[in-house]
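Its first residue numbered 1, the sequence shown is counted upward by one per residue in the UniProt record's numbering. Virtual Cβ for every residue (Gly too), placed ideally from N, Cα, C. On a predicted model such as this, the values are computed, not experimentally measured, just so you know.
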Amino acid sequence: MNGPSHHTLPKTTHLVIKLVQQYAATKSIAGTKQLHAFIITSGPLFTHLRSSLVRAYGHVSNVRILFDEMSERSSFLYNTVMKMYAQNGASHDSLKMFLGMLRLGEYNPDNYTYPIVIKACTDLAWRKLGIALHGRVLITGFDMDTFVGNCLIAMYMNFGEVKAARKVFDAMWEHSVVSWNTLISGYFKNAYAKEALVVFDWMLKSGVEPDCASVVSVLPACGYLKEIEMGRMIHELVASGRLGKNIAAWNALVDMYVKCGSVNEARLVFDRMSERDVVTWTSMINGYALNGDVRNALGLFQLMQFEGVRPNSLTIGSLLSACSSLYYLKHGRSLHAWTIKQNLECEVIVETALIDMYAKCNLVKLSFRVFARTSKKKTVPWNAILAGCVHNGLAREAVELFRQMLVEVVEPNDATLNSLLPAYAILADLQQAMNIHCYLIRYGFLSVVEVSTGLIDIYSKCGSLESAHKMFSEIPIKDKDIVVWSVIIAGYGMNGHGETAVSLFKEMVQSGVQPNEVTFTSALHACSHGGLLDEGLDLFKFMLENHQTCSRADHYTCIVDLLGRAGRLDEAYDLIRTMPLKPTHAVWGALLGACVIHGNVELGEVAAKWLFELEPENPGNYVLLSKLYAAVRRWKDAENLRDVMDEKGLRKAPAHSLVESPCSSDWLKESLSSINNYVRGMRMAPYLYRI
């Protein structure tokens with residue numbers, strides 16, 4: 001075949017370029033191959049078109065064949081092929097080509113090459129090569145290139161090396177809006193939400209105009225920190241139209257208001273959106289689900305389908321979590337059936353939500369049925385079934401499941417341990433606690449604060465305060481958050497060391513950690529358990545004066561118990577009458593218990609009256625009042641009260657104790673036999689039997 005004459009080539013150059021661009025846009029392989037054949041026969045005049053032809057081929061395998069056929073190459077051609085490798089998920093091949101380019105030494109990497117290979121290192125999590133590339137960038141002087149700097153920031157943020165990313169940012173001569181966005185999103189992804197907001201504020205003060213990506217990067221941090229005022233300021237920016245009509249920004253606004261707990265504002269944004277996608281609907285449904293508004297969540301679910309938007313697994317996951325109570329179980333079952341019809345049942349998010357829903361509805365057998373159909377190689381369903389067992393008090397089953405998980409070679413993560421550790425706390429077995437402690441050390445989980453906190457709780461429940469405090473001391477002071485302090489304070493309190501618990505509370509406040517309602521509950525329970533009246537009253541006063549929003553009914557229960565045990569029943573009753581919250585059954589129960597101790601029938605009857613109204617089916621309240629009558633020798637009233645219990649069919653469940661022993665010695669058998677005979681004798685007494 002003879003090629004075209006040279007005098008005709010200039011006339012066709014423009015046409016060929018147009019065709020290359022068209023085939024690249026339409027990804028027409030057949031057309032590209034025909035054009036390729038024409039260019040081969042055209043001679044050297046069309047050599048400069050071959051890079052464009054590479055892009056037109058689109059498919060990596062075809063591109064590589066064309067690349068290998070070329071006798072003349074360029075940095076631009078290398079960049080084009082490496083980029084195509086990276087875009088098609090072949091980052092390894094992209095880096096291999098880069099290293100081959102360096103080895104041949106024909107062409108030097110430029111400011112387009114480095115972003116491609118740095119991103120490839122990021123995708124593959126190749127930290128050492130990424131750092132080596134950074135060193136080469138510094139040597140060759142490309143560190144001043146904004147695009148290269150942005151890629152380095154993203155790389156270090158993805159490696160979790162926040163300080164290194166910040167150093168790159170600070171060293172850059174010029175920051176584009178992408179530089180700021182990358183730093184902001186990187187801070188948030190690495191759990192530095194406050195720093196993300198600080199950088200965004202710095203960006204605005206520097207006169208940099210935020211774009212849609214800026215908004216999408218910073219709004220999750222606003223939601224996480226409940227910084228609704230800054231969120232509203234960003235809302236004004238989005239509503240002004242300066243960022244254009246980008247649905248991602250509006251979706252981020254809906255999600256931000258949801259995370260801040262302002263569902264009404266989220267709905268206002270939702271209703272004003274001219275365009276909604278599945279993310280919009282899912283965010284709004286999730287808002288209602290988190291707020292416990294199942295009715296509106298289900299209503300939106302139906303409406304989105306009516307408007308032609310197909311729910312995805314995230315949508316169903318949010319709805320199933322909202323139905324995690326017996327009251328809405330029928331809706332949850334209906335959703336389960338819907339997922340089967342829509343072939344969504346095998347999605348991991350849906351499987352996990354179903355396991356969780358049935359477990360929280362105390363239908364753990366159904367949870368296991370769903371779990372049995374899941375892929376046993378995925379970690380998330382295991383985490384859900386472990387949490388479900390713990391929720392239903394099946395601590396031993398949870399521990400056994402964890403062992404089975406390891407046998408199945410499923411790799412546990414932080415969430416796995418957070419689900420599992422409460423099971424060890426329930427068992428309160430020191431030997432098992434030490435076993436799981438060894439596992440956590442061996443596999444490096446103790447660096448996670450939540451896991452260390454769980455271990456502190458386990459040792460506290462086992463009564464090993466020395467081990468608990470050792471774990472507490474090993475956590476760096478900067479990582480000791482409110483949860484860590486609350487757990488160690490509660491641990492000392494439950495083991496009768498109220499004074500140490502109060503001392504730790506004061507130490508926490510001095511360290512700058514602000515107490516919350518859980519911390520106050522732990523500290524006040526410690527005072528109540530240890531009979532520390534003055535310390536408890538001082539702590540309660542401190543809470544009301546400095547942290548009034550933290551006050552809960554549990555706190556009043558502790559003080560009523562403290563005053564009651566000290567015989568100051570009138571003060572306890574006055575506190576109940578004047579408390580700003582509605583008195584709960586626990587508050588009245590504490591007063592009734594104190595009245596039994598001190599024989600105060602008048603206040604005891606008042607407390608019992610409220611308890612009978614709040615808990616009409618609880619036999620324990622009747623038994624307590626009966627004990628009070630018996631203590632002051634009002635036998636007839638005690639007998640009448642037990643007749644009332646019989647009429648209502650109320651029966652106090654007999655208490656029981658469990659004895660664990662590593663052996664089955666004759667002595668143990670004899671002891672248990674004696675206890676059994678003693679209990680049998682007690683049951684023969686009619687009065688005791690009626691209890």
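One Cα belongs to Gly-444, the other to Lys-378, and the distance between them is close to 20 Å. Contact check for Leu-591 against Ala-608 fails: the beta carbons are separated by 7 Å or more. Taking 7 Å as the cut-off, the beta carbon of Ala-165 is found no closer than this to the beta carbon of Ile-184. From the listed residues Leu-455, Tyr-439, Ile-441, Asn-392, the smallest Cα separation to Asn-418 is found for Leu-455. Setting aside the 5 residues that flank it on each side, Pro-412 has no residue in the same chain whose C-beta is closer than 6 Å to its C-beta. In the structure shown, the three-state DSSP call for Lys-376 is coil. A direct Cα-to-Cα measurement between Arg-272 and Thr-280 gives close to 12 Å. The C-alpha of Ser-262 is placed about 10 Å away from the C-alpha of Leu-268. Judged by DSSP secondary structure, Pro-220 falls within the alpha helix (DSSP H) whose first and last residues are 212-225. The alpha-carbon separation between Leu-614 and Thr-584 amounts to approximately 8 Å. 7 Å or more divides the Cβ of Val-380 from the Cβ of Thr-339. Exposure of Arg-633 is indicated by the presence of fewer than 16 other C-beta atoms within 10 angstroms of its C-beta.
Per DSSP, the continuous alpha helix (DSSP H) segment holding Tyr-114 begins and ends at 113-124.
In this structure, Cys-323 places its C-beta atom within 7 Å of the C-beta atom of Met-357. At least 7 Å separates the beta-carbon of Ala-433 from that of His-391. Per the coordinates, the alpha-carbon of Ala-239 lies some 10 Å from the alpha-carbon of Arg-232. Spanning the alpha carbons of Val-117 and Leu-363 requires a straight line of approximately 51 Å. Following the DSSP letters along the chain, one finds Ser-313 inside the alpha helix (DSSP H) bounded by residues 313-322.
Take the alpha-carbon of Ser-460 and the one of Tyr-492: they are about 7 Å apart.
Annotated three-state conformation of Lys-480 is coil, per DSSP.
For Met-645, the enclosing alpha helix (DSSP H) covers residues 635-648. In the same chain as Leu-253, and ignoring 5 residues on each side of it, the C-beta atoms closer than 7 Å to its own belong to Leu-219, His-235, Val-238, Val-269, in chain order. Burial state of Lys-470 is exposed, judged by a 10 Å Cβ sphere holding fewer than 16 other Cβ atoms.
Rounded to whole angstroms, the Cβ separation of Thr-315 and Val-278 is 7 Å, and the two are in contact under 8 Å. Leu-152 is not a Cβ neighbour of Val-162, given a cutoff of 7 Å. In the DSSP assignment, Arg-577 falls within the unbroken alpha helix (DSSP H) covering 569-578.
Here DSSP, grouped into helix, strand and coil, assigns Cys-558 to helix.
Taking a C-beta distance under 7 Å as the contact criterion, Thr-521 and Asp-554 qualify as a contact pair. A straight-line Cα-Cα distance of about 30 Å links Glu-408 and Arg-127. For Ala-423, the enclosing alpha helix (DSSP H) starts and ends at 414-427.
Measuring C-alpha to C-alpha distances from Leu-603 to each of Glu-617, Asn-383, Gly-567 identifies Gly-567 as the nearest. Trp-180 places its beta carbon 7 Å or farther from that of Val-215. Inter-residue distance for Thr-453 and Val-483 is about 8 Å (C-alpha atoms, whole angstroms).
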